[in-house]
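Each residue of the sequence shown is one higher than the last, beginning at 4 in the working numbering.
Even glycine gets a Cβ: it sits at the ideal position worked out from N, Cα and C.
For clarity, every value in this text was computed on a predicted model and none was experimentally measured.
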Amino acid sequence: MGPQPLILVAGAITLVLGVYVGRGRVSGGKALDPGEFKKARKPRRSTEIKEFLNIDSQEGFDIEALNSIDIRVLTKEAPADKELAREVMAKIESLILRIRSETEDPAPAGAILRNKTLDWYRRSPSTRTWSEEMAPRWGGIFHESKVPGGRLSPKLSVRMAGLHAECAKASGWGFLRGRAIDKLLTKGSKRSNPPLIPAVAQAYLDDLARSRRVPDRPIGMERISELARRVGQAEMNRTLGQIFRHEGTGPVTVIDTRYNPDIGTVAVRPPSPRAAGDAVSYDLVHTKVSAAGPSMGPDLGTTDAGSPWERGPVAQKDWEGILGLLQKQKGKLEPPPIENYRNNESYLELRAVIVTDETARRAFLTIRWKGKPSGLALLAELLAEGSFIPDVETDGDYLEAELGHLEKGDTNYRPKEGRWTLGEIKIVREVAEGNVRTYRVDGKLKD
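Put into structure tokens, the structure is as follows:
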């Protein structure tokens, strides 16, 4: 090979090196290190990704803004870039406990619903596309819900967990990071059954989103009413009371005119306690009260007295009146809220009345609820008749649980000799052939 080809090859190498070095510099001739060069070639991030990464988990947290980000865009974009996937996972892990607090605890949930009620009151009358705009923005914040078009929107925490799982797979830390988010999703949760607060809060929000406010006209709360028919009025009213810090019967105040004199009062009006089926219908009512007028409750429509379980603690003397009135009206006493009912102060007062007052005991047996919890009704029957033979074995178990709680505060307490002490009397269990149990009262009850 002659000198001419060698010169050509050397020139080509020099040209290639010059191009590479030139691409590794920025204006002003400063060379980029390998990390900076890699960053310079990153694809542009979408608006949705930028908005998501800018969400503040502390004082500036905006759950509606977070809920409004299209999760489908995030799920498509984030896993495609390992570094971005890790950023998104870290952001979700910083947000998830705040999301759970806002959507599962009654006080934060109530604050959110009040703010959205103010938005609904002020903006919905003049916004012609209110339902089209707000249903997707508010759908699925607390609980899964349907958005326009019939599409089901999973709740926000579930969407965040799904996005986290996709990013964990892409980042190469799937198992370890997946366990981290699982712990955050279950941290502090000790109940085997999910509480009603998220479902009730979402139903309320869905009803706000689907209806514009019309002055001086109640709004039918379709989703709240549907849920109440499934879970029962007592549970619905109790949960609304938890969310909006309401005690007693009657309309549940959401917006109080004392703190919002320009708006008046907005409240959820429950149906009659005796309503059944489609008659179980809740309304959102609002009334304008003059700030200069007298301090008095707004006219939100008349309602029945409601369930005694919704009134706060009911004393023994009050139970005597309630039982007598229901017996006279040939009504039925609603069961107590089933969750931790033996820790309910009103339940304990009712049980004390049944044990000590024969008239109240007889009245209770005529108006008692059917079904669970059944231990108190079985105890009343035993005390009224003097003896009791369970129709099924589980009835004996329910009765013994009630007796154990009454004597020792322990539903699992079973005395070896089969004798429970209730004041000056004893309840004796006798077991015959075939494991047939009989319970009898030993001693004389004193009223």
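By the Cβ criterion, the segment 116-129 is in contact with the segment 203-212, since at least three pairs of Cβ atoms, one from each stretch, lie closer than 8 Å. Counting the other CB atoms within 10 Å of its CB gives Val434 a total below 16, which places it among the exposed residues. Within the same chain, and ignoring the five residues on either side of Arg140 in sequence, the residues whose Cβ sits closer than 7 Å to its Cβ are Glu67, Asn70, Ser71. In this structure Asp413 does not touch Lys429 by the C-beta definition: roughly 18 Å separates them, more than the 8 Å allowed. Nearest to Gly437 by alpha-carbon distance, out of Gly407, Ile95, Val395, Pro111, is Val395. The secondary-structure analysis by DSSP pairs Arg272 across a beta bridge with Asp286.
Straight through space, the alpha carbons of Gly165 and Arg75 are spaced by roughly 11 Å. By the Cβ neighbour-count rule, Thr132 is exposed, with fewer than 16 other Cβ atoms within 10 Å of its own. Taking the Cα of Leu230 as reference, the smallest distance to any Cα among Asp281, Val255, Asp259 is reached at Asp281. With respect to Tyr442, Ser390 sits close: the two C-beta atoms are nearer than 8 Å. For Glu433, the uninterrupted beta strand (DSSP E) run begins and ends at 428-435, by DSSP. Between Trp372 and the set Ile341, Leu385, Ala387, Glu352, the nearest pair of CA atoms involves Ile341. Contact between Ala202 and His146 holds, since their C-beta atoms are separated by about 5 Å, short of 8 Å.
The beta carbons of Leu368 and Ala355 sit no closer together than 8 Å. Just so you know, the alpha carbons of Val358 and Lys331 end up roughly 21 Å apart.
The alpha-carbon separation between Ser129 and Asp219 amounts to approximately 16 Å. Under the DSSP assignment, Ile200 falls in the alpha helix (DSSP H) whose first and last residues are 200-213. A straight line joining the alpha-carbon of Asn263 with that of Ile115 spans about 16 Å. The beta carbons of Gly244 and Val255 sit closer together than 8 Å. For Ala318, the closest alpha carbon among the candidates Asn343, Leu329, Glu348 is that of Glu348. With contacts defined as CB atoms closer than 8 Å, Glu238 and Leu199 qualify as a contacting pair.
Across the structure, Ala88 and Val161 are spaced so that their CA atoms are roughly 18 Å apart. In its chain, beyond the 5 residues on either side, Val317, Ile325 have a beta carbon closer than 6 Å to the beta carbon of Pro311.
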